[in-house]
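If you count the sequence shown from 1, position 72 lands on 63 in my numbering, and the numbers rise without skipping.
Presented below is the structure to which this report refers.
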Amino acid sequence: MACVNVLLAGAEGSGKTTFLKTIADVVVLSTDNGIVDTDPKAPAGAYSEFGRVRIDEAVTMSVYSPSPGVLDSMRNVLAGNMLGAVILVDRSSEEGFDDAQRLLKMFRARRKAPFVIALNKHNASDPAAEIAEARKRLRLDEGVPVILVSALDRGSLRNSLLALLFTALEGADTGG
Ligand SMILES: Nc1nc2c(ncn2[C@@H]2O[C@H](COP(=O)(O)OP(=O)(O)OP(=O)(O)O)[C@@H](O)[C@H]2O)c(=O)[nH]1
Ligand SMILES: [Mg+2]
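Pasting the structure below:
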């Protein structure tokens, strides 16, 4: 059984906690006061949410979602054995894209780790336009997958994790 680490990053209110609660078998919240059951309302101060997702018989993913303050250190800690990141974007607010842009900048600066964009709270009536707009606004390279998700829909979240897995495997194949 392979277990890979994944970073789930997203601005405040983008849906990280909901994402984890929907897809993970177990979700815990780690704070300075120890590990406690997760709560949808984030506590004050630094914390990290963690969930384990069984993809199939062969692969389990450990998904870490740190609070913004600890994102930087968390990424360093995980850099050695992190598969990549799912960057969750709240599509419904103007700030959602700005926040995502900031995260992307920080992420790209550090390491060429693969990532995918998970577009949450989108308008499902025109998926192609949603994806095209996100690509343009986030200035994404061709190879970066954009997945439309709902943090309440397990299947869509699974798709985003699978997209990251495939992207990382492609990168490994080509040495990139
Ligand atoms: N309808 C709908 N609501 C969502 C979805 N994802 C998140 N929400 C709602 O958006 C709000 C914020 O979601 P959270 O999961 O708490 O977001 P978060 O990223 O953990 O936020 P912080 O912990 O504050 O950074 C909650 O009220 C959720 O119920 C979604 O896919 N669809
Ligand atoms: Mg949260």
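Using N, Cα and C, we set each Cβ at its ideal position, and we do this for glycine too.
For the region 5 to 12 and the region 72 to 84, state whether three or more C-beta atom pairs, one from each stretch, are separated by less than 8 angstroms.
-> A contact exists between the region 5 to 12 and the region 72 to 84.
Does the distance from the CB of L129 to the CB of Q92 come in under 8 angstroms?
-> As a working mapping, residue 129 is identified with position 138 in the sequence shown. As a working mapping, residue 92 is identified with position 101 in the sequence shown. Between L129 and Q92, the CB-CB gap stays under 8 angstroms.
Comparing the CB of T9 with every heavy atom of ligand 3, is any distance shorter than 7 angstroms?
-> Within the structure as shown, ligand 3 is missing, the only ligands being ligand 1 and ligand 2.
Cα-Cα, which of L95, L20, T51, D47 is closest to G1?
-> Position 10 of the sequence shown, counted from the first residue, corresponds to residue 1. Proximity to G1 across L95, L20, T51, D47 peaks at L95, based on C-alpha coordinates.
Going by alpha carbons, who is nearest to P57 out of I122, G75, L(-1), N114?
-> As a working note, residue 57 is residue 66 in the sequence shown. Cα-wise, what sits closest to P57 is L(-1).
Contact test: G87 Cβ vs ligand 1 heavy atom, cutoff 7 angstroms | Here residue 87 is taken as the residue at index 96 of the sequence shown, counted from 1. Taking 7 angstroms as the cut-off, the C-beta of G87 does not count as close to any heavy atom of ligand 1.
When the Cα of P136 is compared with those of D144, K127, A142, which residue comes out closest?
-> The residue given as residue 136 occupies position 145 in the sequence shown. Answer by Cα proximity: K127.
Which word fits P118, buried or exposed, when buried means at least 16 other C-beta atoms lie within 10 angstroms of its C-beta?
-> In the sequence shown, counting from the first residue as 1, residue 118 sits at position 127. By the 10 Å Cβ count, P118 comes out exposed.
Reduced DSSP secondary structure (H/G/I, E/B, other) of A120 | Residue mapping note: residue 120 aligns to position 129 of the sequence shown, counting from 1. Helix at A120.
To the nearest angstrom, report how far apart I122 and L110 are at their CA atoms.
-> As a first step, residue 122 must be located in the sequence shown, where it is residue number 131. As a first step, residue 110 must be located in the sequence shown, where it is residue number 119. The alpha-carbon atoms of I122 and L110 are separated by roughly 8 angstroms.
Are the beta-carbon atoms of L74 and L155 separated by less than 8 angstroms?
-> Translated into positions along the sequence shown, residue 74 becomes position 83. Translated into positions along the sequence shown, residue 155 becomes position 164. Going by C-beta atoms, L74 is nearer than 8 angstroms to L155.
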